[in-house]
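J.: Below is a structure I'd like to ask you about.
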Amino acid sequence: MGLKEQLMQDYKDAMKNADTVRKNTVNMVRAAIKQHEVDQRVTIEDDADIVKIIKKQVKMRADALEDFVKAGRDDMLEGYKKEIEILQSYLPEEMGEEEIKAKVAEIADKLGVEKSMKSMGTLMKGVMAELKDKADGSAVNKAVKEFLSGK
24 MGLKEQLMQD
34 YKDAMKNADT
44 VRKNTVNMVR
54 AAIKQHEVDQ
64 RVTIEDDADI
74 VKIIKKQVKM
84 RADALEDFVK
94 AGRDDMLEGY
104 KKEIEILQSY
114 LPEEMGEEEI
124 KAKVAEIADK
134 LGVEKSMKSM
144 GTLMKGVMAE
154 LKDKADGSAV
164 NKAVKEFLSG
174 K
């Protein structure tokens, strides 16, 4: 079963179980997918494209969480944390920090990159091409900077 079908099934299950938060969250993702399809005039069948949309939704909620903390809106925090948790259940497992560091060193060796910050762009491009859906971009950026600075 593809991710699109899984979302539809989870939406139906949430409605049957009267799980309002899950129903609304899954429906919001389905709407974002549909909006992307309409805007781009495509039909999304590939799970990788759906994962990108879900990651974008998670990032939007994470950014909103920070704003809620700054504004003192504790009443909104719990709902958004629950939504992020639900969304992340659809995402593939991401690589850990040590795995990313090992991959950065391997790719740098393969590309023949010298250990200086001048090589940042080349190394980031190579690493992100290989790890784009497996690791968070900010974690990769941090690992590349540490590798190039020799830490």
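First residue of the sequence shown: 24, per our numbering; consecutive thereafter.
Just so you know, even glycine gets a beta-carbon here, dropped at the ideal spot from N, CA and C.
1) Let me know if residue 43 comes out buried or exposed under the rule of 16 or more other beta-carbons within 10 Å of its beta-carbon.
2) Can residue 123 and residue 158 be called in contact, C-beta distance under 7 Å?
3) Of the residues 115, 120, 112, 85, which one's Cα is nearest the Cα of residue 104?
4) Quick one: using the 10 Å Cβ neighbour count with 16 as the cut-off for buried, is residue 100 buried or exposed?
5) In this structure, how does DSSP classify residue 70 when only helix, strand and coil are distinguished?
6) If residue 48 and residue 106 are in contact, beta carbons under 8 Å, what's the gap, nearest whole angstrom?
7) Whose C-beta lies closer than 6 Å to the C-beta of residue 26 among residues of the same chain, with five residues either side of it excluded?
8) Runs of 4 residues minimum, wholly inside the segment 24-58: which ones carry the alpha helix (DSSP H) assignment?
T.: In brief:
1) Locating residue 43 in the sequence shown gives position 20, counting from the first residue. Label assigned to residue 43: exposed.
2) Along the sequence shown, one-based indexing puts residue 123 at 100. Along the sequence shown, one-based indexing puts residue 158 at 135. Contact: yes.
3) One-based indexing of the sequence shown puts residue 104 at position 81. Nearest C-alpha to residue 104: 85.
4) Here residue 100 corresponds to residue number 77 of the sequence shown, with the count starting at 1. Residue 100 should be labelled exposed.
5) For this step, residue 70 is matched to residue 47 along the sequence shown. In the structure shown, residue 70 sits in a helix (DSSP, three-state: H, G or I).
6) Counting from 1 along the sequence shown, the entry for residue 48 is found at position 25. Counting from 1 along the sequence shown, the entry for residue 106 is found at position 83. At roughly 5 Å, the Cβ-Cβ gap stays under 8 Å, so residue 48 and residue 106 are in contact.
7) As a position in the sequence shown, residue 26 is number 3, starting the count at 1. Cβ within range, chain order: 70, 73.
8) 26-39
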